[in-house]
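Q: When the letters of the sequence shown are read in order and numbered with the numbering used here, they come out as residues 28 to 475.
Note that CB positions come from ideal geometry on N, CA and C, so glycine has one too.
Remember, it's a predicted structure, so these values are computed and weren't measured experimentally.
What follows is a single structure, and I will ask about it in a moment.
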Amino acid sequence: MRITVFKAENTTHKGLVAAVGWNVTSDLYSCGDDYAIWCWNRDGKPILKLENIDSISTDLQCYPLTSHWNRTGSGSDIFVVSCIDGSLHISNRTGKEEKRVQAHAGSILCVRWSTDGSALATGGEDGIVKIWSCSGMLRSTLAQSPCPIYALAWSPSSDQVLFACQGRLIIKSFQSSIKESHWDGHNGLILAVDWNYASNLLTSGGEDGVYKVWDYHGRMIYQSSKIDDSITSVAWCPSGEFFAVGSFNTLWLCDKTGWVLWKEKLSAGSVLRISWSNDGAQLAGAGANGFVVFGQIVDRKLEWLKLSATLRGCGHLRVYDMVTNNTTDLEFCDRVVQFRLEFRHLIVATTNQCYIYSVSNLNAPHVIDVKYAIILIKLCQRYFMIIDSFVGLQLFTYDGRHLSSPKCQGLRPEFLLERNVAISTDTVAFIDTSDHRCRLSTRLLSYQ
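The following block contains the structure:
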């Protein structure tokens, strides 16, 4: 597995790019110290320039995909921008400002939506961590420290916040009965942290040139070797299987235990922020020299019996028969975001369609149109299941006929990942992580 990286076609920003973020429709927003906010497509082409804001931007995040189905209408497609003058701007997808708040006495250094989308957390130059409603109303002051808060992240359950104070990592709960946990993380200023909702693992990076992986108890799982430059950004892939690390002119792709899968040299300056697309197939980085960097995950390989399928490029899948030594190349107009090879079928999901191939005939697929990003594909003998970013679970036959969309009260589709969902000929089984007990639920399919 590796990353193919390309820079945006031109430097639309006239200075440093401070942050980037993907929205629910897989468009990318970027902001910087030129007062401008730009919108990009997945191919790195600028779509439009949104309205300028009246202060230099420091951070940006779009409303999380994991909460998109909990809101409806335009309210689910918003983004928030923090600024150097302490103001917080909540805007819709067209850039129209819906709410502005004077949030901190000094610069806001980081802002993050909660996993469930019900709140915002901000960290400032004044050393204060504040919690806000999604409409911009102050709920509480969570913590006060003597040093600036450069990075923070929410827990998967949205009831705790991880933040960095100089070289220490601190987890603060909203419940006063739960004791604050903290530990020494780095031998210098911590510049970036992230907390993955799928794996419940944390990662951090700082001025000491080291990135680390932690469990949620603060026990270190991995520490990288030291480099000469600061680690300026870290970001988990939505699936929790790997994460990206940014530094000066360098981008790393690492597995969840911290080992490097791929290293890419750039010419974008320090990568100040990294953001993953909702399907986990693409990432973007904010370059200090004014460039926005895009990266595509390629060379993913799956095997089933005598067949292997390898993603060779953004829209190029190669199927290889190890017995006959035959190779079939499948070309797609759109980017491949997910694919699965099992039970004599190959299912390929692109940004707009889902292709259903029989391994005995790779020239005549059934095609299903999809509207939302597909997160996961699971196969069994009689049918297959896709999990998308809005509807949730959907079951189809191998001729493309829709069977059902199983529902379960309180189910969080974003938690239905490879290791906690399974299907058989008459049952869907999944681990329900909507509460802390992580109970196992099964659902019988209603078809003959």
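Closest by CA to ASP112, which one among VAL138, ASP104, SER141, SER82?
A: Per the Cα distances, SER82.
Q: Give the straight-line distance between the Cα atoms of PHE190 and ASP70, rounded to the nearest whole angstrom.
A: If I take the Cα positions, the gap works out to 33 Å.
Q: When you compare only the Cα positions, how much space is there between ALA45 and ALA311?
A: One C-alpha to the other measures close to 12 Å.
Q: Note the first and the last residue of the continuous beta strand (DSSP E) segment covering LYS239.
A: Segment 238-241, the beta strand (DSSP E) holding LYS239.
Q: Can you tell me which of TRP210, ASP186, VAL220, LEU338 puts its alpha carbon nearest to the alpha carbon of SER204?
A: Here the closest residue by C-alpha is ASP186.
Q: Let me know the secondary structure DSSP gives ARG446 once reduced to three states.
A: ARG446 falls in the helix class under three-state DSSP.
Q: Quick test of your reading: GLY154 and PRO173, contact by CB under 8 Å. State the CB separation rounded to the nearest angstrom.
A: With 8 Å as the limit, GLY154 and PRO173 qualify as a contact, their Cβ atoms being about 6 Å apart.
Q: Can you tell which of GLY122, ARG127, ALA178 has the C-alpha that lies nearest to the C-alpha of ALA148?
A: Closest by alpha carbon: ALA178.
Q: Using 9 Å as the threshold, is the C-beta distance between SER252 and GLY232 below it?
A: For SER252 and GLY232, no; Cβs fall outside 9 Å.
Q: Have a look at VAL364, TYR410, VAL320 and flag the residue whose alpha-carbon is nearest the alpha-carbon of HIS40.
A: Nearest option by C-alpha distance: VAL320.
Q: Report yes or no: do the stretch 44-59 and the stretch 262-274 share at least 3 C-beta pairs separated by less than 8 Å?
A: Taking 8 Å as the limit for Cβ pairs, the verdict is that the stretch 262-274 does not touch the stretch 44-59.
Q: Do ILE80 and CYS58 have their beta-carbon atoms positioned less than 9 Å apart in this structure?
A: Cβ atoms of CYS58 and ILE80: closer than 9 Å.
Q: Which whole-angstrom value describes the C-beta separation of ASP306 and PHE270, a residue pair presumed to lie in contact below a C-beta threshold of 8 Å?
A: ASP306 to PHE270, Cβ: 16 Å. No contact.
Q: What residue from ARG409, PHE417, LYS434, PRO440 has the CA that sits closest to ASP426's CA?
A: It is ARG409 whose Cα lies nearest to the Cα of ASP426.
Q: Tell me which residues share the same chain as PHE457 and place their Cβ nearer than 7 Å to its Cβ, disregarding the 5 neighbours each side in the sequence.
A: The answer, listed in chain order, is LEU443, ASN447, VAL448, SER468.
Q: For the beta strand (DSSP E) that TYR347 lies in, which residues bound it at each end?
A: It spans 343-348 - the beta strand (DSSP E) in which TYR347 sits, taken as one unbroken run.
Q: From VAL272, ALA295, LEU293, pick the residue whose C-alpha is nearest to that of LYS283; which is it?
A: Answer by Cα proximity: VAL272.
Q: Can you list, in chain order, the stretches of the beta strand (DSSP E) that have 3 or more residues and sit fully within the stretch 47-89?
A: Complete beta strand (DSSP E) runs here, min 3: 55-59, 64-67, 73-76, 84-89.
Q: Please name the residue or residues paired with ALA178 in a DSSP beta bridge.
A: Answer is none; ALA178 lacks a bridge partner.
Q: Thinking just about the alpha-carbon of each residue, which of VAL287, TRP303, SER304, GLY314 is nearest to the one in LEU293?
A: Of VAL287, TRP303, SER304, GLY314, the residue nearest in Cα terms is GLY314.
Q: Relative to the C-alpha of ARG362, which residue among TRP159, CYS110, THR354, ARG339 is closest?
A: Ranking TRP159, CYS110, THR354, ARG339 by Cα distance to ARG362 puts ARG339 first.
Q: Which two residues bound the contiguous beta strand (DSSP E) that contains ILE404?
A: Its beta strand (DSSP E) spans residues 401-406.
Q: Who are the near neighbours of GLN171 in its chain, counting only those whose CB is closer than 7 Å to its CB and skipping five residues on each side?
A: If we look at GLN171 and ignore the five residues flanking it on each side, its Cβ neighbours are GLY154, ILE155.
Q: Tell me whether GLN129 is buried or exposed, calling it buried when 16 or more other Cβ atoms sit within 10 Å of its Cβ.
A: That one is exposed.
Q: Below 6 Å CB to CB, which residues in the same chain sit around GLU207 once its five sequence neighbours on both sides are set aside?
A: Around GLU207: LYS199.
Q: Using only alpha-carbon positions, find the residue among GLN323, ASN390, ILE374 that is nearest to PHE33.
A: Nearest option by C-alpha distance: GLN323.
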